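In the working numbering, the protein residues as written are 343 to 837.
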């Protein structure tokens, strides 16, 4: 028998099988080729760079004449890849990268004062809005504008929080952004774009916290000093002393309990900085070019502020000195003297040891009941009450003087003068109300609209005018062109 291939004709059920199999094979081969090609191509092509993760905000420049964009933490900003939309210089705004802790001038051109920070990939095909910043139109003090962007964590807490030796002592240095609470007993340094998303000192307080080009997004509680330079803290801060230079605290600042043995001086020092919450210190508070939105209190020492705005009261148990600053509240030196120069106070001013003011505005009253008040080029919306008052080229409501003299020169009194000591109204001064005193009254080249009266002293007029009557038990001394109630002074008869 002979073996061989047997011819076989396809029946109806077999028809078309081979073409289907061929098609499936072709599709499979094509997919495989595409997959391999894509893998090879992706291996040969760089993936797009990720957008920088950085913390940005707007701050007023140190000279108060403009604004700056500040990179307070995170990645560098490449001026060739980042556009400042809404700025006078949208591209090429700097010759070098804007690194953490650095700043660049801003000149907003939009009516809404908004500046959009836009990053663009190297190939120009991808854009990312990093943040939108609003430049505040207000003046005075430090502080920021717009909402902060907190960078995401870049470091591992267990690794970053390993102690090391800094200046001969054990400390923790945080130069990356970490997300955890920091509870250690030794000093903590947050620097070079580092940050903490969490509390510092919640269960164990470090000796000191020093922030330089960094931030803490949480509560800070330290035994000794808190120092913030080119950085910020978002919540309440407690310590023995605090130093801020281009620093910001969004919560309260409480340094009212200094460490044992430390002097009660220089409790708070602030320059080009801001605190949104209350500030309470046991020692001195000294501030320049800064902004405090709530009450400023020194429990046992002095407050000295220059080019500062305060959104509430200023209180101290010692001297208060305010220069070229605004206080939206009262000023109260419970144990000493208040000194104002080029200042604005919307409330009352009280100084147990007296008040001195030059070129200032006080919407309320001045109270130094047992001490003297000296005013020059000052506007007082309400009364002045003191034991000894000297007012020059000013506008005041009522005046209440005790046993020392009350002297007005070139001053307008909207109300009356009520005193126990001698009253002198000189050099084109005006008094809209009356004058009452136990001592003498001297009106020289000035005008009184109301009555004048003295129980024991002499009334003397020298080119003076009194539109009311004069009441006296002793004598009337008339000189120059003087008159009382429309009558020549020398011819006047008291009622």
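The beta-carbon is built from N, C-alpha and C at its ideal position, and this holds for glycine as well.
Note that the coordinates shown come from a computational prediction; the quantities given were computed from them, not determined experimentally.
One thing to note: residue 586 has its Cβ within 8 Å of the Cβ of residue 570. The beta carbon of residue 811 lies closer than 6 Å to those of 793, 827 and 837 in the same chain, with the five residues before and after it left out. Uninterrupted beta strand (DSSP E) stretches at least 3 residues long and entirely within the segment 612–672 occur at 621–623, 627–634, 638–640, 645–652, 656–658 and 662–665, given in chain order. In the three-state reduction of the DSSP assignment, residue 762 falls in the coil class.
Relative to residue 505, the option among 448, 528 and 522 whose CA is nearest is 528. Judged by DSSP in its simplified three-state form, residue 509 adopts coil rather than helix or strand.
Among the bridge pairs identified by DSSP, residue 574 is matched with 557 and 590. Only buried fits residue 632, as 16 or more other CB atoms lie within 10 angstroms of its CB. With a beta-carbon spacing of about 4 Å, residue 728 and residue 710 fall inside the 8 Å limit used to define contacts. In the structure shown, residue 833 falls within a helical segment according to DSSP collapsed to helix, strand and coil. Spanning the alpha carbons of residue 690 and residue 609 requires a straight line of approximately 26 Å. Counting along the chain, the unbroken beta strand (DSSP E) around residue 796 starts and ends at 794–796.
When rounded, the separation of the alpha-carbon atoms in residue 626 and residue 661 is 10 Å. Closest by C-alpha distance to residue 765, out of 751, 774, 784 and 772, is 784.
Boundaries of the beta strand (DSSP E) harbouring residue 700: 697–704, taken from the DSSP string. CA-CA distance, residue 408 to residue 400, rounds to 10 Å.
For residue 450 and residue 559, the gap between their C-alpha atoms comes out near 28 Å. Residue environment for residue 392: exposed (fewer than 16 other C-beta atoms within 10 angstroms of its C-beta). For residue 820, the three-state secondary structure derived from DSSP is strand. Cβ neighbours of residue 732 within its own chain (closer than 6 Å, five residues either side excluded): 716 and 749. About 11 Å separates the beta carbon of residue 540 from that of residue 519, a gap too long to meet the 8 Å contact definition. According to the DSSP secondary-structure assignment, residue 476 is paired through a beta bridge with 456. Counting of Cβ neighbours within 10 angstroms places residue 491 among the buried residues, the total reaching 16 or more. Within the segment 768–813, the runs of beta strand (DSSP E) at least 3 residues long that lie entirely inside it are, in chain order, 777–779, 783–786, 794–796 and 801–804.
Residue range 731–734 is occupied by the beta strand (DSSP E) that includes residue 734. Around the beta-carbon of residue 531, 16 or more other beta-carbon atoms lie within 10 Å, marking it buried.
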